[in-house]
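Chemist: The sequence shown maps to residues 0 to 491 in numbering that gives the first Met the number 0. Quick one: structure below, then a few questions.
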Amino acid sequence: MSDAETLCDIGLYGLAVMGQNFALNMASKGFKVCVGNRSTSKVELTVNRAKDEGDLPLIGAMSPEEFVSKLSKPRKVIILVMAGKPVDETIAKLSEFMEEGDVIVDGGNEWYVNSVRRSEELKTKGIMFVGMGISGGEEGARNGPSLMPGGPKEAYDMLEPIITKCAAQVSDGPCTGYLGPVGSGNYVKMVHNGIEYGDMQLIAEVYDVLRKIVGMDNDDMSALFAKWNEGELSSYLIEITATILAKKDDLTEEGYVVDYILDKTGMKGTGRWTVQEAAEQSVAAPTIAASLDTRYISARKEERVKAATILEGPTEIPNVSKEQILEDLEASLYASKICSYAQGLNIIKGASDKHDWGVDLSECARLWKGGCIIRAKLLDKIQAALAADSDLLNLMVDPGFASELNARQLAWRRIVTLCVASGISCPAMCSSLNYYDSYRRESLPSNLVQAQRDFFGGHTYERIDQDGVYHTAWTDAHKSIGNINERTAGNV
Numbered sequence: 000m001s002d003a004e005t006l007c008d009i010g011l012y013g014l015a016v017m018g019q020n021f022a023l024n025m026a027s028k029g030f031k032v033c034v035g036n037r038s039t040s041k042v043e044l045t046v047n048r049a050k051d052e053g054d055l056p057l058i059g060a061m062s063p064e065e066f067v068s069k070l071s072k073p074r075k076v077i078i079l080v081m082a083g084k085p086v087d088e089t090i091a092k093l094s095e096f097m098e099e100g101d102v103i104v105d106g107g108n109e110w111y112v113n114s115v116r117r118s119e120e121l122k123t124k125g126i127m128f129v130g131m132g133i134s135g136g137e138e139g140a141r142n143g144p145s146l147m148p149g150g151p152k153e154a155y156d157m158l159e160p161i162i163t164k165c166a167a168q169v170s171d172g173p174c175t176g177y178l179g180p181v182g183s184g185n186y187v188k189m190v191h192n193g194i195e196y197g198d199m200q201l202i203a204e205v206y207d208v209l210r211k212i213v214g215m216d217n218d219d220m221s222a223l224f225a226k227w228n229e230g231e232l233s234s235y236l237i238e239i240t241a242t243i244l245a246k247k248d249d250l251t252e253e254g255y256v257v258d259y260i261l262d263k264t265g266m267k268g269t270g271r272w273t274v275q276e277a278a279e280q281s282v283a284a285p286t287i288a289a290s291l292d293t294r295y296i297s298a299r300k301e302e303r304v305k306a307a308t309i310l311e312g313p314t315e316i317p318n319v320s321k322e323q324i325l326e327d328l329e330a331s332l333y334a335s336k337i338c339s340y341a342q343g344l345n346i347i348k349g350a351s352d353k354h355d356w357g358v359d360l361s362e363c364a365r366l367w368k369g370g371c372i373i374r375a376k377l378l379d380k381i382q383a384a385l386a387a388d389s390d391l392l393n394l395m396v397d398p399g400f401a402s403e404l405n406a407r408q409l410a411w412r413r414i415v416t417l418c419v420a421s422g423i424s425c426p427a428m429c430s431s432l433n434y435y436d437s438y439r440r441e442s443l444p445s446n447l448v449q450a451q452r453d454f455f456g457g458h459t460y461e462r463i464d465q466d467g468v469y470h471t472a473w474t475d476a477h478k479s480i481g482n483i484n485e486r487t488a489g490n491v
C-alpha cells in the first residue's frame with residue numbers, strides 16, 4: 000500500500016468530548032481521521048473509543064508535526080479547542096508544518112472578528128481559514144450536528160464531501176451549507192446561541208407559571224411539555240424539558256433532580272455577544288436581551304435572598320381557570336418564539352448587509368432544522384417564509400406568521416397580565432409582546448424623546464408635515480445652534 004493510500008482524509012485537533020465525538024462521527028462515515036491533542040492521553044482514549052465503536056478508521060498522532068504528516072494533501076484540519084488564545088496557539092503549532100492550499104477550520108464558539116483576523120494572518124502562508132459553528136452538543140457532534148461554515152468557497156468545496164455526510168440529515172438535505180465569507184459562519188452560530196438563550200428563558204417562564212400559579216407538580220408538567228412537543232411547539236428544547244422535569248434524583252432518592260439545582264444560570268459569552276451585535280447593527284432584540292439580563296440577575300443569588308426579605312409583591316393570585324391558563328401559555332410561548340427568531344434573523348441580516356456576506360436567511364433556517372439546540376417544527380415555516388420573500392423586513396409581517404400572531408395576541412396579553420398581577424417575572428415573554436406591540440404601531444411616543452434631545456442638546460428633529468431638519472428655540476435661554484446639518488453628524 001502506498002503512502003498516499005495510508006494518509007488520512009482529515010485531521011481533528013482538540014479532544015475534549017466534542018472533539019472526540021466529531022472525530023468519531025467523521026470516521027463512522029468512512030473517512031480516515033487523524034486526531035491530535037496537547038495531552039496525548041486523550042489521543043489514546045479516542046483511538047481506543049474508535050476501536051470499541053466498530054474498529055473505525057481513526058489513528059492518533061503524538062505531536063503537531065506527526066499529526067500534519069499523516070494528512071493527505073491538500074490538508075484539511077479541524078481544531079476544537081477553547082476560544083481565544085488557545086486557538087491562536089494551536090494554529091501557530093500546526094501551521095508551522097502546513098503548506099499553501101491547506102485548510103484550517105475552527106469549530107469552536109469564536110468571536111467572528113477573531114476569525115477574520117486569523118484568516119488574514121494565514122493568507123501570508125497561503126493557508127485558507129474557515130470559521131465553522133457546530134451546534135448539537137456532545138450527542139449532535141457524534142451523531143450529526145448542524146454545521147455553519149464561513150470562509151473561502153474553495154475551502155468549503157474541499158470540506159463539503161465530508162461535512163455534508165457528517166451533519167444532521169433532514170428531509171431536504173444535510174444541515175450544513177456554504178454561508179459566506181470568513182466570519183459569517185461564526186456569526187450565524189453566535190446568533191443561533193442568542194436565539195437559544197431566548198427560547199430557554201421563555202420555557203423557564205412558562206415552567207414558573209405552571210408551578211407557581213397553576214400549581215402543577217413535576218410529573219404533570221413533564222406530561223404537558225411532552226404533549227406540546229407533539230404539536231406546533233415541537234422542538235428539541237421542549238422535548239428535553241419534559242425529560243428533565245420527570246427525572247428523579249438519584250443522589251437522595253427523593254424528589255426530582257431539577258428541584259435540587261441552584262437557580263443560577265451559567266453562560267459562555269455567545270448570548271452577550273449577540274446582544275452587543277444587536278446594538279452594533281441597530282437591531283432591536285429585547286427577547287434575547289431579557290434572557291441575558293435574567294442570567295445576570297440569577298447569578299446574584301445572595302442579593303436576591305436578602306431582597307426577598309425586604310421587597311414585597313402581591314399576596315393573592317388572580318383566580319383564573321387552569322384550562323384557560325394552559326391554553327394561553329401554549330399560544331404565548333409560540334408567539335414569543337416567533338419574536339425571538341425574528342430578532343435573531345434581523346441581526347444576521349444587518350451584519351450580512353454591513354459586511355457584504357450575502358447570507359441567505361432561509362438557508363440559516365434550513366441548517367437549524369436538525370442536529371442543533373434550537374431545532375424546531377417552527378423552522379419549516381420560517382424557512383418557507385424567507386424562501387418566498389428574501390426581502391422580508393421582519394418575520395412577524397410574513398402573512399402566515401402575522402395571522403398566527405394576530406390570533407394569539409389576546410392570549411399573550413392575558414398571560415403577561417397574569418404574571419404581573421401575580422408578582423411572577425416574565426421578562427422574555429413580556430419583552431416579546433412589547434416588541435410585537437412596538438413594531439405594529441404606526442406612531443410611537445418617540446417624537447417626545449426627540450423633542451427632549453433637541454431641547455437639551457440641540458440634536459434637531461424631522462417634521463411630519465415638511466421635509467428637512469429643524470431645531471426649536473424652546474425657551475428664551477436657547478440660542479442659535481448654527482449649521483443644523485452639523486448637529487446630525489455622528490447619528491447612528
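Each residue gets a CB set at the ideal place from its N, CA and C atoms; glycine is no exception.
1) For my contact list, residue 368 and residue 379 are in at a C-beta cut-off of 8 Å; report their separation, rounded to the angstrom.
2) By a C-beta neighbour count over all protein chains shown, 10 Å radius and 16 as the cutoff for buried, is residue 356 buried or exposed?
3) Would you check if there are 3 or more beta carbon pairs closer than 8 Å linking the segment 141-156 to the segment 187-202?
4) Quick one: what does DSSP say residue 319 is sitting in, helix, strand or coil?
5) Please say whether residue 64 and residue 86 have beta carbons closer to each other than 8 Å?
6) Between 456, 227, 221, 94, which has its C-alpha nearest residue 493's C-alpha?
7) Quick check on this structure: which residue in 294, 467, 58, 42 has the alpha carbon closest to the alpha carbon of residue 30?
8) List, from N- to C-terminal side, the alpha helix (DSSP H) runs of 4 residues or more that fit wholly inside the segment 93-149.
9) Judging by CA-CA distance, which residue of 81, 80, 66, 113 is the nearest neighbour of residue 95?
10) Do residue 435 and residue 338 come within 8 Å of each other at the CB atom, strictly closer than that value?
11) If you check the beta carbons only, do residue 290 and residue 200 fall under 8 Å apart?
12) Around the C-beta of residue 461, are 16 or more other C-beta atoms found within 10 angstroms, so that it is buried, or is it exposed?
13) Hey, quick one: how far does the beta strand (DSSP E) through residue 59 stretch, first residue to last?
14) Could you check the C-alpha separation between residue 17 and residue 50 for me, to the nearest Å?
15) Starting from residue 34, trace the alpha helix (DSSP H) both ways and give me its first and last residue.
16) Please identify the residue among 270, 113, 319, 160 whose C-alpha is closest to the C-alpha of residue 191.
17) Is the segment 443-455 touching the segment 402-416 in the sense that three or more CB pairs, one from each, lie closer than 8 Å?
18) Quick check on the DSSP output: the beta strand (DSSP E) that includes residue 78 runs from which residue to which?
19) Answer with buried or exposed for residue 295, where buried requires no fewer than 16 other C-beta atoms within 10 angstroms of its C-beta.
20) Kindly confirm or deny that the segment 127-141 and the segment 98-114 touch, where touching means at least three C-beta pairs closer than 8 Å.
21) CB residue 13 to CB residue 111, shorter than 8 Å?
22) Which residues bound the alpha helix (DSSP H) around residue 184?
23) If you measure between the beta carbons of residue 351 and residue 382, is that distance less than 8 Å?
24) Classify residue 7 as helix, strand or coil using the three-state DSSP reduction.
25) Roughly how many angstroms separate the alpha carbons of residue 80 and residue 107, rounded to a whole number?
26) How big is the Cα-Cα spacing for residue 71 and residue 52?
27) Using 8 Å for Cβ pairs, my map puts residue 24 next to residue 113. What's the rounded Cβ distance?
28) Can you tell me whether residue 368 is helix, strand or coil according to DSSP?
29) For residue 297, which residues of its own chain have a beta-carbon under 7 Å away from its beta-carbon, when the five flanking residues on both sides are left out?
30) To the nearest whole angstrom, what separates the beta carbons of residue 273 and residue 193, a pair I think is in contact under 8 Å?
31) Measure the Cβ-Cβ separation of residue 346 and residue 276 and say whether it is below 8 Å.
32) Quick one, which of 156, 396, 387, 136 has its alpha-carbon nearest residue 167's?
33) For residue 60, count neighbouring C-beta atoms within 10 Å of its own C-beta (all shown protein chains included) and say buried if the count is 16 or more, exposed if not.
34) When DSSP labels each residue in this structure, what does residue 399 get in the three-state scheme?
35) Among the residues of its own chain, which have a CB less than 8 Å from the CB of residue 97, if the five just before and after it don't count?
36) Could one say the Cβ of residue 25 lies closer than 8 Å to chain C's Cβ atoms, at least one of them?
Modeler: So, from the listed chains and residues:
1) Between residue 379 and residue 368 the Cβ distance is about 7 Å, and since that is below 8 Å, they are a contact.
2) So residue 356 ends up on the buried side.
3) With the cut-off at 8 Å, the segment 141-156 and the segment 187-202 touch.
4) In the structure shown, residue 319 sits in coil (DSSP, three-state: anything other than H, G, I, E or B).
5) Residue 64 sits away from residue 86, with the two beta carbons spaced by 8 Å or more.
6) The first residue shown for the chain is 0 and the last is 491, placing residue 493 beyond what the model contains.
7) Residue 58 is the option with its Cα nearest to residue 30.
8) Annotation: the segment 93-149 contains the following complete segments of the alpha helix (DSSP H) (minimum length 4 residues), in chain order: 111-122, 136-142.
9) Checking every option, the nearest Cα to that of residue 95 belongs to 66.
10) Going by C-beta atoms, residue 338 is nearer than 8 Å to residue 435.
11) Cβ distance < 8 Å, so residue 290 and residue 200 count as in contact.
12) Looking at its Cβ environment, which holds fewer than 16 other Cβ atoms inside 10 Å, residue 461 is exposed.
13) Start and end: 57-59.
14) Using only the alpha carbons, I get a separation of about 18 Å.
15) Looking at the DSSP string, residue 34 is not in any alpha helix (DSSP H); the run it does join, the beta strand (DSSP E), is 32-35.
16) The residue from 270, 113, 319, 160 with its alpha-carbon nearest to that of residue 191 is 270.
17) For the pair of segments examined, the segment 402-416 was found not to touch the segment 443-455: the number of CB pairs separated by less than 8 Å stays below three.
18) For residue 78, the uninterrupted beta strand (DSSP E) run begins and ends at 75-78, by DSSP.
19) Residue 295 comes out exposed.
20) The answer is yes - the segment 98-114 touches the segment 127-141, with three or more Cβ pairs under 8 Å.
21) No, the pair does not count as a contact, with Cβ atoms beyond the cut-off.
22) DSSP places residue 184 in the uninterrupted alpha helix (DSSP H) bounded by 183-208.
23) Against a cut-off of 8 Å, the Cβ pair of residue 382 and residue 351 comes out as no contact.
24) DSSP places residue 7 in strand when its eight states are reduced to three.
25) Within the model, the alpha-carbon separation for residue 80 versus residue 107 is close to 7 Å.
26) If you take the alpha carbons of residue 71 and residue 52, they lie about 24 Å apart.
27) About 25 Å; that fails the 8 Å criterion.
28) In this structure, DSSP gives residue 368 a state outside helix and strand, which the three-state scheme calls coil.
29) Answer for residue 297: 262, 263, 264, listed in chain order.
30) The beta-carbon separation of residue 273 and residue 193, rounded to 3 Å, stays under the 8 Å limit for a contact.
31) The Cβ-Cβ distance between residue 346 and residue 276 falls below 8 Å.
32) The candidate whose alpha carbon is nearest that of residue 167 is 136.
33) Counting Cβ neighbours within 10 Å, residue 60 comes out buried, since at least 16 surround it.
34) In the three-state reduction of the DSSP assignment, residue 399 falls in the helix class, which pools H, G and I.
35) Result list for residue 97: 67, 74, 76, 103, 124, 126, in chain order.
36) In the structure shown, chain C cannot be found, because there is only a single protein chain.
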